[in-house]
Every structure is written in structure tokens, then in C-alpha cells.
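Reviewing the structure listed below.
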Amino acid sequence: MGCGSSNSTEITEPESEPQRAQGSGGQVTESKGRVVATRTVDILSPEAIIAVFAEFDVNGDGFISVQELKLGLSKMNIAYNDEVIYQLIRKMDADGDGQISIREFAVFWVEIHSLPPPPELAKLQALFRAMDTDGNGYITMDELKTLLLRANGSYTDKELFAIMRLADTDGDGRIDFDEFCRLMVRLGSRK
42 MGCGSSNSTE ITEPESEPQR AQGSGGQVTE SKGRVVATRT VDILSPEAII AVFAEFDVNG
102 DGFISVQELK LGLSKMNIAY NDEVIYQLIR KMDADGDGQI SIREFAVFWV EIHSLPPPPE
162 LAKLQALFRA MDTDGNGYIT MDELKTLLLR ANGSYTDKEL FAIMRLADTD GDGRIDFDEF
222 CRLMVRLGSR K
């Protein structure tokens, strides 16, 4: 979820014989010596909701307990306190049984992802889209070069690599939206 939720998420699955998805944004990639297929899935699709729910439902009993909610938020590096947990449970737990069913989770998930983003997030999304000239959801080294040329008229390789090293926290050679948001926060906090 990070800085802001996009309208899609990638689900990576190992496949014995990878096949390219035609017209769906799918791609086949190599990862640690094995071939995996990735496909873009709408974050509001039943498949995506079930996948996220399963990440929280650690024991697989079909419910998210208070402990599982805390564990899931921790895994996502989302800060919380007891008041936040209480409010989340209260908001999601429609039947008041103290745990969250897949149905309750789905209703909450759709609700929070259907809200318009805060103005700051909308501005960051617009800026990111403008920098992501090929629209693939990442700012590449070439796109960063173009941006630096437009902004400064010139740049050094040292400057280019320093920005990429600072922003590209997962080391994949490109900047996704969450990495972009974290970079903007870091740059804003230096002022």
C-alpha cells in the first residue's frame, strides 16, 4: 500500500511453461534462475482482495484476528497503536464478533480504495505519471535522464546514479510509485 494505492497490483506466480498474456499487460520475467509470469490485476478484483486477505489470515481459518491484523500491518511497515487497531476492527467487523471475515474485509477494501486520494497524493500521482513517459508504472534511467536534462539543462552520471541509488530501494533499476513517494518525502524533509 505504501505511499498510495494504485488501481492495480502485480501478482507473481511460478509457472512451468510461461505464457505471455496478450493485451493484458502480462510479461514473463527471470527471477533467481527461474521463470515467473507476472500479470497486472485490478486491486478491486475478487482475486486481489482474496490475495490480500490471505496475507493477513496467517492461520488460514477464514478470519483476521486482532493479532493477525497487527502482524499484517507490521509486515507492511505500517505504524499502528492500540487505538488504530481498535478503530480498524470497529470499522471492519460488521457483525461484532471480534474478527474480520473475508466479506467484511472485502467491503472495507473496496470502500477505502474507492475514496478519492488526498490532494497531496493526487499531485504526486500526476507528477509521477508525467515523469513516467512510457506509462509502464516505473521511472526508468532514461526517463530520469530526460527529466534532469529538462530541469537542469545538463547532469553528470554521478548525479544520475546518486538519485537512482537514493530512490530505487529495491534495486531493480527503476523507480516505482512507492519509491517515488518515499523519495519526495525525504527530499521534502531536507528543506
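In my numbering, the protein residues as written are 42 to 232.
The beta carbon of each residue, even a glycine, is placed where N, CA and C say it ideally should be.
Environment of residue i [buried if 16+ CB atoms lie within 10 Å]
| i | result |
| --- | --- |
| R206 | exposed |
| L165 | buried |
| E220 | buried |
| D213 | exposed |
| F233 | Only positions 42 to 232 of the chain appear in this structure, which leaves residue 233 out of reach. |
| A233 | Nothing in the structure corresponds to residue 233, since the chain is present only between 42 and 232. |
| I216 | buried |
| D134 | buried |
| D123 | exposed |
Beta-carbon spacing of residue i, residue j below 9 Å
| i | j | result |
| --- | --- | --- |
| E88 | N100 | no |
| S155 | L85 | yes |
| D173 | E184 | yes |
| G139 | I130 | yes |
| W253 | I204 | This structure cannot settle anything about residue 253, because the visible part of the chain is limited to 42 through 232. |
| K116 | E96 | yes |
Residue span of the alpha helix (DSSP H) that contains residue i, given as start and end
| i | result |
| --- | --- |
| M172 | 160-172 |
| N118 | No alpha helix (DSSP H) contains N118, which DSSP labels as neither H nor E. |
| I91 | 87-97 |
Pair every Cβ in the stretch 95-115 with every Cβ in the stretch 130-143, then say whether three or more of these pairs are closer than 8 Å. As far as the Cβ criterion goes, the stretch 95-115 touches the stretch 130-143, which means the pair count is three or higher.
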